[in-house]
Structures are given as C-alpha cells and as structure tokens.
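First comes the structure, then the notes that go with it.
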Amino acid sequence: MKRVRERSIALCAVAMVALLLTGCPAKKKPSVGAEAEGMGQGGLGGGSLENFKKGMGPSEGGPLQDVHFDYDRYDLRQEDRSTLQANAQWLKDNPKAKVEIEGHCDDRGTVEYNLALGAKRAKAVKDYLVSLGTASDRLSTISYGEELPLCREDNEACWSRNRRAHSVVLQ
Amino acid sequence: MRRYSWIGLVASALVGMVGVGVALGQVTGRIVGPGATRLEIAVSPLADTGGGKEAGARFAEVVARNLSLSGYFRVLDSKAYIEGPTPADPSQINFANWSVLGAKAVIKGTATQSGNTLSVEARLFDVAQRSQVGGERYSGDADLLPQMGRRFADKVMEYLTGERGPFDSRIAFASRRGGRAKEILVMSVDGFDVSMVTNNRTINIAPSWSPDVATVLFTSFMDGNPSLYRADVTGRSLQRISSARGLNLGGRWSPDGRMIAISLERGGNSDIFLLDGEGHVLKQLTNGPEIDVSPTWSPDGRQIAFVSARTGSPQIYVMAADGSAPRRITSQGSYNTSPNWSPKGDLIAYVSRDQGFNVFTLSLKTNQVRQLTGGQGNNEDPSFSPDGRYVVFSSTRVGRPALFLADTAGEHQVQLTRSGGDDTSPSWSMRLP
Chain A
1 MKRVRERSIA LCAVAMVALL LTGCPAKKKP SVGAEAEGMG QGGLGGGSLE NFKKGMGPSE
61 GGPLQDVHFD YDRYDLRQED RSTLQANAQW LKDNPKAKVE IEGHCDDRGT VEYNLALGAK
121 RAKAVKDYLV SLGTASDRLS TISYGEELPL CREDNEACWS RNRRAHSVVL Q
Chain B
1 MRRYSWIGLV ASALVGMVGV GVALGQVTGR IVGPGATRLE IAVSPLADTG GGKEAGARFA
61 EVVARNLSLS GYFRVLDSKA YIEGPTPADP SQINFANWSV LGAKAVIKGT ATQSGNTLSV
121 EARLFDVAQR SQVGGERYSG DADLLPQMGR RFADKVMEYL TGERGPFDSR IAFASRRGGR
181 AKEILVMSVD GFDVSMVTNN RTINIAPSWS PDVATVLFTS FMDGNPSLYR ADVTGRSLQR
241 ISSARGLNLG GRWSPDGRMI AISLERGGNS DIFLLDGEGH VLKQLTNGPE IDVSPTWSPD
301 GRQIAFVSAR TGSPQIYVMA ADGSAPRRIT SQGSYNTSPN WSPKGDLIAY VSRDQGFNVF
361 TLSLKTNQVR QLTGGQGNNE DPSFSPDGRY VVFSSTRVGR PALFLADTAG EHQVQLTRSG
421 GDDTSPSWSM RLP
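First to last, the protein sequences are chains A and B.
Be aware that the first sequence starts at 1, since it is given in this note's numbering, and climbs by one per residue.
Be aware that the second sequence starts at 1, since it is given in this note's numbering, and climbs by one per residue.
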C-alpha cells in the first residue's frame, strides 16, 4: 500500500505543476476537447465515473498499466500480456489491494454494443490476471462503453487511446 | 422545461362534414409519398371567437410545422396570405385569393379561450373544389394547444393519404445539452414540448417507451452500476427495475406491456433475457459465449430481433420470443447493429458500417435492403414512427450529433434538434392515447 500512496502523491505533484503551467499564460483559452473532458486523472483511488461526477476526465495512470485493443475486438494483444504480467506481480506484492477493471471503447459504433464490448474487454483482462494467479474476488469489472473517452478527436490516434481496459485500485 | 399535462383533451369530428371522398380523390392523385410532389397548403391563423387570438396564431404555427415535417406538404409562407383570420365558413372564404398564392388546400378555423380553457375548431378546404374536406373540434386545457395542433396535422395527413399521421407522439432521447452529463429527455416530434426525464448528472442511455407512452425505460449509471430504470416523462416517479451486477442494458417493453426484453451481463458476456414488469427474470433467451444485445419486438410480440456477435462480427438476428429458432437476417457488411422493428411489421431498420455508419432498412418479406442515409456523417440509432412511415435517428452531418427524421424511402430528411448538445439514441413512441 505504501507504493500506492507514494505514487499518488507523485501524481498529485505532477498535476499541480501542470495546473501551474497551464495557469501561467492566463489569457490562453483551453481547447474545447480539454474543457469538455478535463485532464485524465489517475492513481487517486477514484474510477472513471467518480472522476466524471467530480468534473474530471476519466481515470488514467495509477500503479497498474492500461492495455489497448483493436477495433471491435476484445482479445489481448501479445505485447499487453507482459503488461498484465507486471500488473499481476503488483497485485501479488500488494495482496490487500482490490482492483476494478474498466472496459472502454472508441466512439465509433453503437452505444449499446460498445457497452457490451467494453464488458468483454474488462473480462478478458480479469480472466488473464486470474490465470496468472490473482484471486478472482479481488477483481471486479465494469464497462463504460464509449461513454467516458479520454479524447474526442476523430482520428485513429485518439480512437486507439480510448479502446482500453483500465485498472483502478479501489483501496 | 415544460411539463406535459394531457388530461382533458377532447376531440370530436365535426358533424355534417362534406363527403370526404370527393375532394380526397382529387388530392391523393398527385401524391405518392413524402418527399415526392408536395401539396401546397396554406395554414391560416384561426379566427378569434373570444380570447383566442394568440391561441389561433399558435395553433396554425404548430400545424404548419408538423405538416412540413411530414414531407407531404409545402406550407406557404403566412406573410403572403391575402385573407386574414376570417371564419371557416366556405361561403365567406375567398378561394380565388388562396388559388392566386398557389394553395391547393387551406386550413381555417376558430379559437376561443376563456381562462385556461381552450376550444379550437379547424377545417381543411380544397381550394379548387371550394369545398370542405374535413374538420375537427378540440377543447381542453390551454397547455394542450400544441397537442391539438399535432392531432389536427395527423388528421390532415389522414385526409390526404388515408392514414393518420404520427406526430401526436413523443421522442425520448439521450442528450448532453445540459453540459457533460448524458441525460434522458422527452420531446414532441416538432420540438415544441421538451422535458427532462433524468437530471442526475451521470450517464443515462438507451431510452425506450412503454406502449402506453406514459413511462420511459432507460439504463443509468446514477448509482454506479448500469441498472435499468423506469420513469414518467417528468422524472418525478423513478423506479429501479433491474440492478443485477454489470450491464442491465437496452430494456424494451413487449407490445402488450407485460414483459421486458433486455440484455444482461453475466460473467462479462451479454445475453438477451425476458423480465417481468418488476424486473424478475422470466427466461433467458440467448446463451452463447459472444455478445447478444439490443432486442426489439415484432409488433405482434411473437418475435424479437437482436444483435449478436456469434459469428465474430455484430449482425442482426431474429428469433421467436421464447428464444427458439434464431436466424441471421443481415448478409452484407461486418458491422450491423441497432435493429428497430417497424410497428407495421414489414421492415427492420438498423445501422451498418461501411465508410461511416448509416441507416438501412431490411424488408422481412422480400429481403430487400434499402439505404436511407449515405455520404453525410455518421447516422445511427434509427427508431420508427408509430405509423411506420418515418424513422428518427441521430446524425453527425452538421457537426455534433443531432436528431433527424427521414421517410422510409430516405428521400425526405429533416433536422429535428439543434441543441448543439449531442442528441443521440432516439426512441419514437406509439401514438399518444
């Protein structure tokens, strides 16, 4: 748990620096995208919905790494398996931590289908962590579909950022 | 935001009408459907027969808006009208003046308002025949004026096409017009009456109507878990119906109002279930390892269309309402979603991905596929009008998503909302009772 707290404090510091920096050129208007979604906030213990309610962007960062998906797919990419192995190791090192895995989609396609797809993505991550030895009762899942995107631009760079499974440490 | 109050609307056809068939034959001969040749029509402000001046003008405005939306009419600019709001007596109407303007038909009538009680009488005239086609009388609470106008517009469509129009109905939809949150709103098709069903500042999605048009089903993250709720159009009576852990998604009432088809997530996978009105599971209808979502009932309640990714990509399927005999009905494309079954039973509207996302219909009798939108942004979430002649859908053709209406030929397309606030997921109700 110590590591979690340290990481949180570090992120807080970074966020404050960012605020100071953006605060300096006082006349400069934030871009519409940034205004609409806020900056991504992570590692502070809140999931994306909690962040949303506080007027912040979706949960980002934190001690556990995100994994990303191809369009309309929920199978894990090879490179993401090593990411999840590191996440599984963190869970082993922090045996009291419980984690909620969020499934997210890009905004192309249907709201309902994307919610179901996000659930599949979160479940794929959970299943892999369980296969690596994490107790399944430490892992919950939730899908936000295309509802809480990190960015809103219509290009592949943004879409691929939004097709993610994000893990939030709950305590 | 305006509150609906539908109590006490009384409508009666005027007695002693001139035979409708005579004039109709003349009119319908030119019209094949919305978007084809439009009938030039003038909608005169109603004559004030006591305290009804404002109401008479407003009534004409509502009727004109709805007739324009229908695609069957070209409403002539009221500034050009020569004749003022005189009584709707054929002997007093100067048909030559209307003919000069190019009007083939004219609507005239009277309005009386005393306190909050409004009486409206409206009549449709055939200009060439110099005769009355039909008329209606409405009385009730003055707040009901827009609904009276919509009812009359629907009636005018019936005189013209033989089938009542669909505009005395409501559209529920999701919108971010209040800010970042996605709330459920309800509006009349003409956009004159809007009310908020939710105001919980979270994420509310996938609204759909009860068959009696009294309540809306929707999925909300208001309590964290995406659960199914029911609320009336004011949002004052709110009831959580299904809150199984995970997705309780896209609930739709059966046409008889006794069951809800819904997609529930179990173990990360979504399947179609039937619930009773209290949210208890009656039956699981699909049971596969891949996504099954977005059920939509056939109008006779015997079949359910839905989206399944069982072959690796989302496609539309139809099954019996007990879950038996599923068959795939979409054969082209690798992404077909959002089915909506026409209340007429003959068509299923859906969304297909090619370059972007577009609205299509599939005929269940002929398997004919018709593309309603193309080359103009992404077009999603079609929902049929209660008469099956139109679909409402969301489109990004003018920027952020807004609601549009199209006829089932795709020829007549009109923008319904201009909020700039991401209006999506429309659900068109049945006609108001």
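Idealized CB from N, CA, C, for every residue including glycine.
In this text, all values refer to a predicted model and were calculated from it rather than measured experimentally.
The three-state secondary structure of Thr-417(B), taken from DSSP, is coil. With a beta-carbon spacing of about 6 angstroms, Ile-304(B) and Ala-321(B) fall inside the 8 angstroms limit used to define contacts.
In chain order, Gly-268 make up the part of chain B whose C-beta sits under 8 angstroms from the C-beta of Ala-122(A).
Under the three-state reduction of DSSP, Leu-285(B) is assigned to coil, being neither helix nor strand. When rounded, the separation of the alpha-carbon atoms in Gly-312(B) and Val-414(B) is 36 angstroms.
The secondary-structure analysis by DSSP pairs Val-351(B) across a beta bridge with Thr-337(B) and Val-359(B). Closest option to Asp-48(B), judged by alpha-carbon separation, among Asn-94(B), Ser-70(B), Thr-37(B) and Thr-112(B): Thr-112(B). When rounded, the separation of the alpha-carbon atoms in Val-67(A) and Ser-188(B) is 44 angstroms. Contact residues of the region 124–147 of chain A toward chain B are Ala-124, Lys-126, Asp-127, Ser-140, Thr-141, Ile-142, Ser-143, Tyr-144, Gly-145 and Glu-147 (C-beta to C-beta distance below 9 angstroms).
Arg-328(B) sits close to Tyr-317(B), with the two beta carbons spaced by under 8 angstroms.
Distances from the alpha-carbon of Arg-236(B) to those of Ser-352(B), Arg-353(B) and Asn-200(B) put Asn-200(B) closest.
Inter-residue distance for Asp-193(B) and Thr-110(B) is about 23 angstroms (C-alpha atoms, whole angstroms). In the three-state reduction of the DSSP assignment, Lys-104(B) falls in the coil class, being assigned neither a helical nor a strand state. Look at the beta carbons and you see the region 76–83 of chain A not touching the region 136–151 of chain A: under three pairs across the two are nearer than 8 angstroms. Taking the CA atoms as reference points, Arg-150(B) sits about 5 angstroms from Asp-168(B). At a beta-carbon threshold of 8 angstroms, the residues of chain A lying near Glu-265(B) are Ala-116, Ala-119 and Ser-143, ordered along the chain. Between Leu-249(B) and Ser-263(B), the CB-CB gap stays under 8 angstroms. Contacts between Leu-49(A) and chain B, judged by CB atoms closer than 9 angstroms, involve Thr-202, Ile-203, Phe-221 and Gly-224 in chain order. As a beta-bridge residue in DSSP terms, Trp-297(B) pairs with Ile-304(B).
One thing to note: Val-120(B) has its Cβ no nearer than 8 angstroms to the Cβ of Leu-432(B). Between Arg-130(B) and Phe-73(B), the CB-CB gap reaches or exceeds 8 angstroms. Ranking Thr-215(B), Ala-128(B), Ala-409(B) and Asn-116(B) by CA distance to the CA of Met-430(B) puts Thr-215(B) first. In this chain, Tyr-138(B) is not harboured by any alpha helix (DSSP H); it is covered by the beta strand (DSSP E) spanning 131–141. Inter-residue distance for Tyr-350(B) and Gly-118(A) is about 21 angstroms (C-alpha atoms, whole angstroms). Using a CB distance cut-off of 8 angstroms, Leu-67(B) does not count as an interface residue toward chain A. Per the Cβ contact rule, the region 43–59 of chain B is in contact with the region 139–154 of chain B (3 or more Cβ pairs under 8 angstroms). Taking 8 angstroms as the cut-off, the Cβ atoms of Val-75(B) and Phe-152(B) do not count as close. Taking a contact as a CB-CB distance under 8 angstroms, the pair Val-99(A) and Arg-163(A) does not count as one, their CB atoms being some 20 angstroms apart.
Bridge pairing for Arg-81(A): absent [DSSP]. Taking the C-beta atoms as reference points, Val-130(A) is found no nearer than 8 angstroms to Gly-62(A). Residue-level contact check: Val-351(B) touches chain A, since one or more beta carbons of chain A fall below 8 angstroms from its beta carbon. In the three-state reduction of the DSSP assignment, Asp-276(B) falls in the strand class. Judged by DSSP in its simplified three-state form, Phe-404(B) adopts strand. Here the alpha carbon of Thr-202(B) sits roughly 11 angstroms from the alpha carbon of Ile-184(B). Taking a beta-carbon distance threshold of 8 angstroms, Glu-380(B) counts as an interface residue toward chain A.
As computed with DSSP, Met-56(A) is found in no beta bridge at all.
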